[in-house]
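Student: The opening position of the sequence shown corresponds to residue 1 in full-length UniProt numbering, with each subsequent residue numbered one higher. Heads up, the beta-carbon is just placed ideally off N, CA and C, and yes, glycines get one too. Handing you this structure, nothing more for now.
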Amino acid sequence: MTRVLVVDDEPQIVRALRINLAARDYDVVTAHDGGSALRAAAETKPDVVVLDLGLPDIDGTEVIEGLRGWTSVPIIVLSARVDSPDKVRALDAGADDYVTKPFGMDELLARLRAAVRRAIVSAPGDEEAVIETESFTVDLSAKKVLRDNEEVHLTPTEWGVLEVLVRNRGKLVAQKQLLQDVWGPAYADETHYLRVYLAQLRRKLERAPARPRHLLTEPGMGYRFEL
């Protein structure tokens, strides 16, 4: 049974999530503030965490940082904060996904299922070296990309961007994180670099670059690689 830790100080939301998750055979653990959330995570070892940022004792971003100090459990932020800086801070801290309130229960449940699946696939020691999409294949160990059985020439920077996205497949990679990982801390604000290189990658890899299926943009937030 998949265990979900729900962290929110709004009783009606906690109740709605508990009912919907329990009806789908999830084991639900709840916490109403950051301190109890960290204790519950350590004691119950959840498979996924659904976390509000606006907690009464400490900010949800601090909870994410606390969790990331010892666990790679998927974290889905569920928050009324819609401003891009709040989203970026949460993602930079280690959140895997971000859903804004009000939310659709079906969408949240779908994102939760996807997060659990990705966690199983990318568990330590079980990382896939070869990632196949319908359009191209990425070999992380050989650092090669094939399309129609032919190797695609990528510049070192293009490969760097693609590798970060593929290794975080299914997850939203914040603009700042991607810039720091590929170019370094001094380039954290050079977001125009990302637009240029993602456009180049799409032209080389996507079947329809203007309507990408695998290299996706989350406006104002970052980028996501989907199979």
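Exposed or buried, G184, counting other C-beta atoms within 10 Å across all chains shown (16 or more means buried)?
Tutor: Taking the first residue of the sequence shown as position 1, residue 184 is located at position 184. By the 10 Å Cβ count, G184 comes out exposed.
Student: My parser needs the alpha helix (DSSP H) runs of 4 or more residues fully inside the region 12-47; what are they?
Tutor: 34-44
Student: Thinking just about the alpha-carbon of each residue, which of I131, Y197, S36 is nearest to the one in V7?
Tutor: Taking the first residue of the sequence shown as position 1, residue 7 is located at position 7. Answer by Cα proximity: S36.
Student: Does the structure place the region 135-147 close enough to the region 203-215 that three or more beta carbon pairs sit under 8 Å?
Tutor: The answer is yes - the region 135-147 touches the region 203-215, with three or more Cβ pairs under 8 Å.
Student: Could you give the C-beta distance for I75 and L51, rounded to a whole number, given that I count them as a contact under 8 Å?
Tutor: For the purposes of this step, residue 75 is identified with residue 75 of the sequence shown, where counting begins at 1. For the purposes of this step, residue 51 is identified with residue 51 of the sequence shown, where counting begins at 1. Indeed, because the Cβ distance is near 6 Å, the residues count as touching under 8 Å.
Student: Using only the alpha-carbon positions, how far apart do M105 and D33 sit?
Tutor: Taking the sequence shown and counting its residues from 1, one reaches residue 105 at position 105. Taking the sequence shown and counting its residues from 1, one reaches residue 33 at position 33. One C-alpha to the other measures close to 22 Å.
Student: With DSSP run on the structure shown, which of helix, strand or coil describes D86?
Tutor: By one-based count along the sequence shown, residue 86 stands at place 86. Looking at D86 - three-state DSSP - the assignment turns out to be helix.
Student: Note down, in chain order, each residue of its chain lying with its Cβ closer than 8 Å to the Cβ of E10, except the 5 sequence neighbours on either side.
Tutor: Within the sequence shown, numbered from 1, the residue matching residue 10 stands at position 10. Taken in chain order, the residues that qualify are D52.
Student: Hey, quick one: how far does the beta strand (DSSP E) through D139 stretch, first residue to last?
Tutor: Here residue 139 is taken as the residue at index 139 of the sequence shown, counted from 1. Segment 137-139, the beta strand (DSSP E) holding D139.
Student: For L165, name the three-state secondary structure that DSSP assigns.
Tutor: Here residue 165 is taken as the residue at index 165 of the sequence shown, counted from 1. If DSSP states are grouped into helix, strand and coil, L165 belongs with the helices.
Student: My parser needs the beta strand (DSSP E) runs of 3 or more residues fully inside the UniProt domain "OmpR/PhoB-type" (128-227); what are they?
Tutor: 130-132, 137-139, 144-147, 172-174, 215-218, 222-225
Student: Going straight from the alpha carbon of V161 to that of R18, what length do you get?
Tutor: Numbered from 1 along the sequence shown, position 161 holds the residue referred to as residue 161. Numbered from 1 along the sequence shown, position 18 holds the residue referred to as residue 18. Cα to Cα, V161 sits roughly 39 Å from R18.
Student: Between the C-alpha atoms of D181 and L216, what's the straight-line distance to the nearest angstrom?
Tutor: Mapped onto the sequence shown, residue 181 falls at position 181. Mapped onto the sequence shown, residue 216 falls at position 216. Distance between the alpha carbons of D181 and L216: 18 Å.
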